[in-house]
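The block underneath contains the structure these notes are about, expressed in structure tokens.
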Amino acid sequence: MTIDFDLRLDTLRTAYSSAQLSPRNLIAAVHEQATALQAEFNLFIHLLTEDELEPYLAALDSKSPDELPLYGIPFAIKDNIDLAGIPTTAACPAFAYTPETSATVVEQLIALGAIPLGKTNLDQFATGLNGTRSPYGECRNSVHPAYPSGGSSAGSSLAVALGICSFALGTDTAGSGRVPAALNNLVGLKASKGLISTAGVVPACRTLDCVTFFTATAAEASQLLALTARLDPRDEYSRANPAWNDGSAFGKIATFRFGVPSGLEFLGCPESPALFAATIEHLQALGGEPVEIDFEPFLEAARLLYEGPWVAERYSVAGELIELQPDAVLPVIKAVLEKAPGTTAVQLFRAQYRLQQLKTICDRIMAEVDCILTPAYPRPVTLDELHAEPVKRNSDLGYYTNFMNMLDYAAVAVPAGTMQNGLPWGVTLFGRVFTDQYLLSLADALQRGTEIPLIGGQSITKAAPTHTARNDRARVVVCGAHLDGLPLNWQLKQRNGRLLEATHSSADYKLYALAGGPPFRPGMVRVDDDGAAIEVEVWEIPSSELGSFLTGIPAPLGLGKVQLADGRWETGFICEPYGLEGAVDITEFGGWRAYMKSQR
2 MTIDFDLRLD TLRTAYSSAQ LSPRNLIAAV HEQATALQAE FNLFIHLLTE
52 DELEPYLAAL DSKSPDELPL YGIPFAIKDN IDLAGIPTTA ACPAFAYTPE
102 TSATVVEQLI ALGAIPLGKT NLDQFATGLN GTRSPYGECR NSVHPAYPSG
152 GSSAGSSLAV ALGICSFALG TDTAGSGRVP AALNNLVGLK ASKGLISTAG
202 VVPACRTLDC VTFFTATAAE ASQLLALTAR LDPRDEYSRA NPAWNDGSAF
252 GKIATFRFGV PSGLEFLGCP ESPALFAATI EHLQALGGEP VEIDFEPFLE
302 AARLLYEGPW VAERYSVAGE LIELQPDAVL PVIKAVLEKA PGTTAVQLFR
352 AQYRLQQLKT ICDRIMAEVD CILTPAYPRP VTLDELHAEP VKRNSDLGYY
402 TNFMNMLDYA AVAVPAGTMQ NGLPWGVTLF GRVFTDQYLL SLADALQRGT
452 EIPLIGGQSI TKAAPTHTAR NDRARVVVCG AHLDGLPLNW QLKQRNGRLL
502 EATHSSADYK LYALAGGPPF RPGMVRVDDD GAAIEVEVWE IPSSELGSFL
552 TGIPAPLGLG KVQLADGRWE TGFICEPYGL EGAVDITEFG GWRAYMKSQR
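Heads up: the sequence shown begins at 2 in the numbering used here, then just goes up one per residue.
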């Protein structure tokens, strides 16, 4: 059951701008829808009343859709994230409090015109990945009643999947923003730690927590991230938003390398292996090159989260309540946390040392690829299985998620298929810290390539992006001694550079051998007439290394924009015109290698 409206951001903006729809009419309709679905899905802990909604609607009366990027957009808030004047429970009535101020991210969204519809159900204290661990009722799957919604952001995923909200806020410490997304045919963005403020969020593990977005499409998640990724003085774990993570970094995908774990675990699922293999083929069709990787160090890091001392960080939030009112906390939550009081500082430090060792290993693997692809979970588990073995089956769902924040990576869950019983199936794309917009670009391309119907059977209709996506790597076009195997190539490799392609410039350049040397240097100059295509290579280096590389380039050379044979403009070596004094025109050789060979 879904409403008649298409709640995607761009669709609502168009409807508001053309006066086909008003925020008051829309909110009344989705509120009615939420009320009708509440008994079946238990998705809200607190659905705002008409009186509670009125201030947000009234604030838009004097505004126009053109003034606010999220004008009249309904959203839901996981009930471990504060909304001023509304109780925050973390799914534990004895813990509940009423905040005077909203969480930073909620304040941001409201200031942008979004309207909070309610506080959503969750696994108590955000401890769980299934959506059944709540005194406010279990959350079942939006598509198949025999399966859970996934958690801990259970109600938030349902609010979007059932067509009640355009997007929803969740949290993700060990997979809570990705597992429910995959189980409900949604995109789940777990941005890099600190990129979205966690001020006003009840901690699960304070050092690991992330606020997440649930959306129908990756493009919408990209828009929301660009609007909210800000350094927050209220949050001591907040981190600055690098230039490549703003909205302009979202774009089309060309060639890329993606890691595929060897020895994938599907826990006996008969359908997931074929669905995963099909996803690999889809990514290859988009220009991806699969690279087999060793996944064991990632899995060892995952085991540290619950088998190691980090469980004590969860206990620091709920422990006092457990000790004072043991019956106030669900038995399954107490079972997860019960070993925490015996954890010692020595154990913590030893585990931190091992985690750092594992991160060093994993970072080396990550340096060789643009992202890694995994299933979102090995196999879905039923509600009956969760009732019979709540801890084991919950752990099964987190097999491919628990390591992510431990290792400080960004991740996006994206729909990638449908099981024979109709249950949604998804994958996770994860990458280095702050590559969020790049991952969303890949997720967008995958959504378009697989053409899986969205909520209510809708399809992606907005045009694909036309500019190239950016990640945390800079592309550099070289034409001389920096070519692979030549005397200055070490300057690229020393900076963890990777050769992407050997190609040619557009036919608009002349190549000169500059005076001086050794090392002998070329000068490539764009001309209006009598140009030629020059042999070049495209290298990729970490953006953090680009500054040191640039400062080491001697005059008259520098970095500017070079056009390649296929029409792309990339950063590359250029030469100031004054540097051509005494230079020799070697354009006829077509490249530096051929010229140097002629000089032997």
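Backbone N, C-alpha and C define an ideal beta-carbon position, used for all residues, glycine too. In this text, all values refer to a predicted model and were calculated from it rather than measured experimentally.
### Neighbourhood of Val478 by C-beta, 6 Å cutoff - its chain only, sequence neighbours within 5 removed
The count along the sequence shown starts at 1 and reaches residue 478 at position 477. Taken in chain order, the residues that qualify are Val537, Val539, Val563, Glu571, Gly573.
### Task
Let me know if Ser157 comes out buried or exposed under the rule of 16 or more other beta-carbons within 10 Å of its beta-carbon.
For the purposes of this step, residue 157 is identified with residue 156 of the sequence shown, where counting begins at 1. Residue environment: Ser157 is assigned as buried (16 or more neighbouring CB atoms within 10 Å of its CB, all protein chains considered).
### Message
Is there a Cβ of chain B sitting closer than 8 Å to that of Pro376, yes or no?
### Response
Chain labels in this structure do not include chain B; a single protein chain is all it has.
### Task
Report the option in Val292, Pro488, Val203 whose CA atom is closest to the CA atom of Pro523.
Against the sequence shown, residue 523 aligns to sequence position 522. Here the closest residue by C-alpha is Pro488.
### Query
Is Lys194 near Cys211, with beta carbons less than 8 Å apart?
The residue given as residue 194 occupies position 193 in the sequence shown. The residue given as residue 211 occupies position 210 in the sequence shown. Result yes, Cβ atoms of Lys194 and Cys211 sit closer than 8 Å.
#### Entry: Euclidean distance between Cα positions of Ala230 and Ser442
As a working mapping, residue 230 is identified with position 229 in the sequence shown. As a working mapping, residue 442 is identified with position 441 in the sequence shown. Straight-line Cα distance between these residues: approximately 17 Å.
### Message
Please return the same chain residues whose Cβ sits closer than 6 Å to the Cβ of Leu209, not counting the five positions on each side in sequence.
### Response
Residue 209 sits at position 208 when you count from the first residue of the sequence shown. Excluding five sequence positions before and after Leu209, the CB atoms of its chain that fall closer than 6 Å to its own CB belong to Thr174, Asn406, given in chain order.
### Through-space distance from Arg601 to Phe435, alpha-carbon basis
Your numbering for residue 435 matches position 434 in the sequence shown. Your numbering for residue 601 matches position 600 in the sequence shown. Cα to Cα, the separation comes out at about 47 Å.
### Query
Given that a residue counts as buried once 16 or more other Cβ atoms are within 10 Å of its Cβ, and exposed if not, what is Phe96?
Locating residue 96 in the sequence shown gives position 95, where the first residue counts as 1. Classification of Phe96: buried, given that the 10 Å Cβ count is 16 or more.
### Query
Helix, strand or coil for Gly566 per DSSP?
To locate residue 566, count along the sequence shown from 1; it is residue 565. One detail in the question is off: residue 566 reads as Ala in this sequence, not Gly. If DSSP states are grouped into helix, strand and coil, Ala566 belongs with coil.
### Query
Whole-angstrom Cβ separation of Gly260 and Val292, contact assumed at under 8 Å?
What you label residue 260 is simply residue 259 of the sequence shown in a count that begins at 1. What you label residue 292 is simply residue 291 of the sequence shown in a count that begins at 1. For a cut-off of 8 Å, the C-beta gap from Gly260 to Val292 is around 5 Å, short enough to register as a contact.
### Query
Which runs of the alpha helix (DSSP H) spanning at least 4 residues fall entirely within the region 202-264, listed in chain order?
Here the runs fully enclosed are 219-229.
### Message
Does Ala59 pass the burial test, meaning 16 or more other C-beta atoms within 10 Å, or should it be called exposed?
### Response
Stepping through the sequence shown from its first residue, residue 59 is reached at position 58. Exposed, by the Cβ-count rule.
### Message
Using a 10 Å radius around the Cβ and a threshold of 16 neighbouring Cβ atoms, would you call Pro94 buried or exposed?
### Response
Taking the sequence shown and counting its residues from 1, the one referred to as residue 94 is at position 93. Taking every protein chain shown into account, the CB of Pro94 has fewer than 16 other CB atoms within 10 angstroms, so this residue is exposed.
#### Entry: For Ile4, the three-state DSSP class (helix, strand or coil)
In the sequence shown, the residue the question calls residue 4 occupies position 3. Low local confidence applies: a pLDDT of 45 at Ile4 is under 50, so the model's placement there is unreliable, with the coordinate-based value given in what follows. Coil.
### Query
Do you know whose CA, among Leu27, Leu356, Pro146, lies nearest Glu41's CA?
Counting from one through the sequence shown, the residue named residue 41 turns up at place 40. Out of Leu27, Leu356, Pro146, Pro146 has the C-alpha closest to the C-alpha of Glu41.
### Query
With respect to the beta strand (DSSP E) encompassing Gly189, which residues constitute its N-terminal and C-terminal limits?
As a position in the sequence shown, residue 189 is number 188, starting the count at 1. Going by DSSP, Gly189 is part of the beta strand (DSSP E) stretching over 188-191.
### Query
Between Leu408 and Ala534, what straight-line distance do the alpha-carbon atoms span, to the nearest angstrom?
The sequence position of residue 408 within the sequence shown is 407, counting from 1. The sequence position of residue 534 within the sequence shown is 533, counting from 1. In a straight line, the C-alpha of Leu408 is about 44 Å away from that of Ala534.
### Query
What's the gap between the Cα of Asn490 and the Cα of Ala219?
As a position in the sequence shown, residue 490 is number 489, starting the count at 1. As a position in the sequence shown, residue 219 is number 218, starting the count at 1. Computed Cα separation, rounded: 38 Å.
#### Entry: the region 125-142 / the region 97-109 touching (three or more Cβ pairs under 8 Å)
No: the two stretches stay apart, fewer than three of their Cβ pairs being nearer than 8 Å.
### Query
Is the beta carbon of Val202 less than 8 Å from the beta carbon of Ile82?
In the sequence shown, the residue the question calls residue 202 occupies position 201. In the sequence shown, the residue the question calls residue 82 occupies position 81. Yes; because the gap between Cβ atoms is below 8 Å, this pair is in contact.
### Task
Could you please give me the residues that DSSP links to Gly561 through a beta bridge?
Locating residue 561 in the sequence shown gives position 560, counting from the first residue. Answer is Gly573, bridged to Gly561.
#### Entry: Helix, strand or coil at Tyr401 according to DSSP, with G and I counted as helix
Translated into positions along the sequence shown, residue 401 becomes position 400. Coil, per DSSP.
### Whole-angstrom C-beta distance between Thr216 and Val161, which should lie under 8 Å
By 1-based counting over the sequence shown, the position of residue 161 is 160. By 1-based counting over the sequence shown, the position of residue 216 is 215. In this structure Val161 touches Thr216 by the C-beta definition: roughly 7 Å separates them, less than 8 Å.
### Task
Can you give me the start and stop residues for the alpha helix (DSSP H) that Met597 sits inside?
The residue you call residue 597 lines up with position 596 of the sequence shown. Per DSSP, Met597 is one residue of the alpha helix (DSSP H) stretching across 593-599.
### Query
If we call anything under 8 Å between Cβ atoms a contact, is Ser153 one with Gly138?
For this step, residue 153 is matched to residue 152 along the sequence shown. For this step, residue 138 is matched to residue 137 along the sequence shown. It is not a contact, given that the beta carbons lie outside the stated cut-off.
### Query
For Pro520 versus Ala475, is the C-beta distance shorter than 8 Å?
For the purposes of this step, residue 520 is taken as the residue at position 519 of the sequence shown. For the purposes of this step, residue 475 is taken as the residue at position 474 of the sequence shown. No. Outside cutoff.
### Task
Write down the C-beta distance between Arg680 and Tyr510 rounded to the nearest angstrom, noting that I regard them as a contact closer than 8 Å.
With the chain represented from 2 up to 601, any question about residue 680 goes unanswered, as that position is not in the structure.
### Query
Between Leu196 and Asp236, what straight-line distance do the alpha-carbon atoms span, to the nearest angstrom?
Sequence index remark: in the sequence shown, residue 196 carries index 195 (1-based). Sequence index remark: in the sequence shown, residue 236 carries index 235 (1-based). Going by the C-alpha atoms only, they are around 11 Å apart.
### Query
How would you call Asn26, buried or exposed, if buried means at least 16 neighbouring beta carbons within 10 angstroms?
Counting from one through the sequence shown, the residue named residue 26 turns up at place 25. Classification of Asn26: exposed, given that the 10 Å Cβ count is below 16.
### Message
For Gly486 and Glu541, which I take to be in contact (beta-carbon distance under 8 Å), what is that distance rounded to the nearest angstrom?
### Response
On the sequence shown, residue 486 is found 485 positions in, with the first residue counted as 1. On the sequence shown, residue 541 is found 540 positions in, with the first residue counted as 1. About 17 Å separates the two Cβ atoms, so there is no contact after all.
### Query
Do the CB positions of Pro243 and Ser167 come within less than 8 Å of each other?
By 1-based counting over the sequence shown, the position of residue 243 is 242. By 1-based counting over the sequence shown, the position of residue 167 is 166. Contact: no.
### Task
Could you have a look at Asp437 and say whether DSSP puts it in helix, strand or coil?
The residue given as residue 437 occupies position 436 in the sequence shown. Of the three classes helix, strand and coil, the one that applies to Asp437 here is helix, per DSSP.
### Message
Quick check on the burial criterion: 16 or more other C-beta atoms within 10 angstroms. Buried or exposed for His32?
### Response
Taking the first residue of the sequence shown as 1, we reach residue 32 at position 31. Buried, by the Cβ-count rule.
### Message
Residues in the same chain with beta-carbon distance under 8 Å from Thr256, minus the five sequence neighbours each way, listed in chain order, please.
### Response
Taking the sequence shown and counting its residues from 1, the one referred to as residue 256 is at position 255. So the qualifying residues of the chain are Gly288, Gly289, Glu290, Leu501, Glu502.
### Message
Assess contact between the region 262-275 and the region 373-385, defined as three or more Cβ pairs (one per stretch) separated by less than 8 Å. Is contact present?
### Response
These segments touch.
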